[in-house]
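Engineer: These protein sequence lines are chains A and B, in that order. Under this note's numbering, residue 112 is the last one in the first sequence; the count climbs by one each step, no gaps. Under this note's numbering, residue 1112 is the last one in the second sequence; the count climbs by one each step, no gaps. A virtual CB, placed ideally from N, CA and C, is assigned to each residue, including glycine. Once you've had a glance at the structure underneath, I'll fire off some questions.
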Amino acid sequence: DTTVKQNPRYKLARVGKPVNLICSQTMNHDTMYWYQKKPNQAPKLLLFYYDKILNREADTFEKFQSSRPNNSFCSLYIGSAGLEYSAMYLCASSRGREDTQYFGPGTRLLVL
Amino acid sequence: AQSVTQPDARVTVSEGASLQLRCKYSSSGTPYLFWYVQYPRQGLQLLLKYYSGDPVVQGVNGFEAEFSKSNSSFHLRKASVHWSDSAVYFCVLSTGYQNFYFGKGTSLTVIP
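This is the structure:
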């Protein structure tokens, strides 16, 4: 089973309010990723966990937080949503550094 | 520096015709290359991957891709497309350090 699940599939948020997105995988993958994808753009890596170590991209360091309470789950947290956060958020996982990343269906976030 | 270029943002072909989607990459290390497809309202799905060996790799649904080190390319091909192949196709480069470099994607429309 190569399933990555994401909840919710759709999220409506108000400007200034927090947002929490959830991702899970049962493949015992050591690495989990979060990407942001906007229309007509390539997915942009926000951060990833390698085991318990969080790595955040420099340009999104202060905008997104994450936690990984166990190997299977990973969250993406936005403390105060802005209009620019409206996008599709993709979670992925992989086993090993160069191994295939398996993607979830995504969460479509709309901030109003 | 690592990068992926998909020169064609949109491609339209007739059902039954052959297909080639182009991908050029730039990598300072050993490239690991992938093609992913995103169908409407779904997450990214792996079509095929290349790590080493035979430069022609077979994927799902009749897709194949050919790696060329001399041309820094990894073009995707299909002999006969079906209307259900309409989707966005992403070429992805990894250099083995958990970073995926995405092209901007090529939107394929198959006309019945």
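Which residues bound the beta strand (DSSP E) around B:Lys1078?
Structural biologist: Working through the second sequence from its first residue, we reach residue 1078 of chain B at position 78. Looking at the DSSP string, the run of the beta strand (DSSP E) that includes B:Lys1078 is 1073-1078.
Engineer: Does the Cβ of A:Gln6 have 16 or more other Cβ atoms within 10 Å, making it buried, or fewer, making it exposed?
Structural biologist: Translated into the one-based positions of the first sequence, residue 6 of chain A becomes position 6. The residue is buried, with at least 16 neighbouring Cβ atoms inside 10 Å.
Engineer: Out of B:Gln1038, B:Glu1064, B:Ser1107, which one is the CA nearest neighbour of B:Lys1049?
Structural biologist: Taking the second sequence and counting its residues from 1, one reaches residue 1049 of chain B at position 49. Minimum Cα distance to B:Lys1049 is reached at B:Glu1064.
Engineer: Please compile the residues from chain B whose C-beta is within a distance smaller than 8 Å of the C-beta of A:Thr100.
Structural biologist: Residue 100 of chain A sits at position 100 when you count from the first residue of the first sequence. By Cβ distance, chain B contributes Phe1034, Leu1046, Lys1049.
Engineer: Among B:Gln1006, B:Gln1002, B:Arg1010, which has the Cα closest to the Cα of B:Leu1108?
Structural biologist: For the purposes of this step, residue 1108 of chain B is identified with residue 108 of the second sequence, where counting begins at 1. The candidate whose alpha carbon is nearest that of B:Leu1108 is B:Arg1010.
Engineer: The beta strand (DSSP E) that contains A:Arg95, what's its start and end?
Structural biologist: Stepping through the first sequence from its first residue, residue 95 of chain A is reached at position 95. No beta strand (DSSP E) contains A:Arg95, which DSSP labels as neither H nor E.
Engineer: So, are the CB atoms of A:Leu90 and A:Lys11 less than 8 Å apart?
Structural biologist: On the first sequence, position 90 is the one that residue 90 of chain A refers to. On the first sequence, position 11 is the one that residue 11 of chain A refers to. No; because the gap between Cβ atoms is not below 8 Å, this pair is not in contact.
Engineer: Beta carbons nearer than 9 Å to chain A: which residues of the segment 1078-1104 of chain B have them?
Structural biologist: Flagged, chain order: Phe1090, Val1092, Ser1094, Thr1095, Gly1096, Tyr1097, Gln1098, Asn1099, Phe1100, Tyr1101, Phe1102, Gly1103, Lys1104.
Engineer: So who's on the other strand from A:Trp34, going by DSSP bridges?
Structural biologist: Translated into positions along the first sequence, residue 34 of chain A becomes position 34. Answer by DSSP bridge pairing, in chain order: A:Leu47, A:Cys91.
Engineer: Can you give, in chain order, each stretch of the beta strand (DSSP E) that sits fully within the segment 1013-1062 of chain B and has at least 3 residues?
Structural biologist: 1019-1021, 1024-1026, 1032-1038, 1044-1050, 1056-1058, all fully within the segment 1013-1062 of chain B.
Engineer: Kindly list, in the order they appear in chain A, the residues whose Cβ is closer than 7 Å to that of B:Gln1042.
Structural biologist: Within the second sequence, residue 1042 of chain B is the residue found at index 42, counting from 1. Those are Pro105, listed as they occur along chain A.
Engineer: So, does the segment 21-28 of chain A touch the segment 81-88 of chain A, judging by three or more C-beta pairs under 8 Å?
Structural biologist: Not touching, per the Cβ criterion.
Engineer: Kindly list the residues whose CB is nearer than 7 Å to the CB of A:Arg68, restricted to its own chain and excluding five residues on each side of it in sequence; keep chain order.
Structural biologist: The residue given as residue 68 of chain A occupies position 68 in the first sequence. Met32, Tyr49, Lys52, Cys74, listed in sequence order.
Engineer: Taking a contact to mean a Cβ-Cβ separation below 8 Å, would you say A:Val4 touches A:Gly96 in this structure?
Structural biologist: To locate residue 4 of chain A, count along the first sequence from 1; it is residue 4. To locate residue 96 of chain A, count along the first sequence from 1; it is residue 96. Contact: no.
Engineer: Residues in its own chain within less than 6 Å of B:Lys1078 by CB, not counting five upstream and five downstream?
Structural biologist: Numbered from its first residue, the second sequence carries residue 1078 of chain B at position 78. Leu1019, Gly1062, Phe1063, listed in sequence order.
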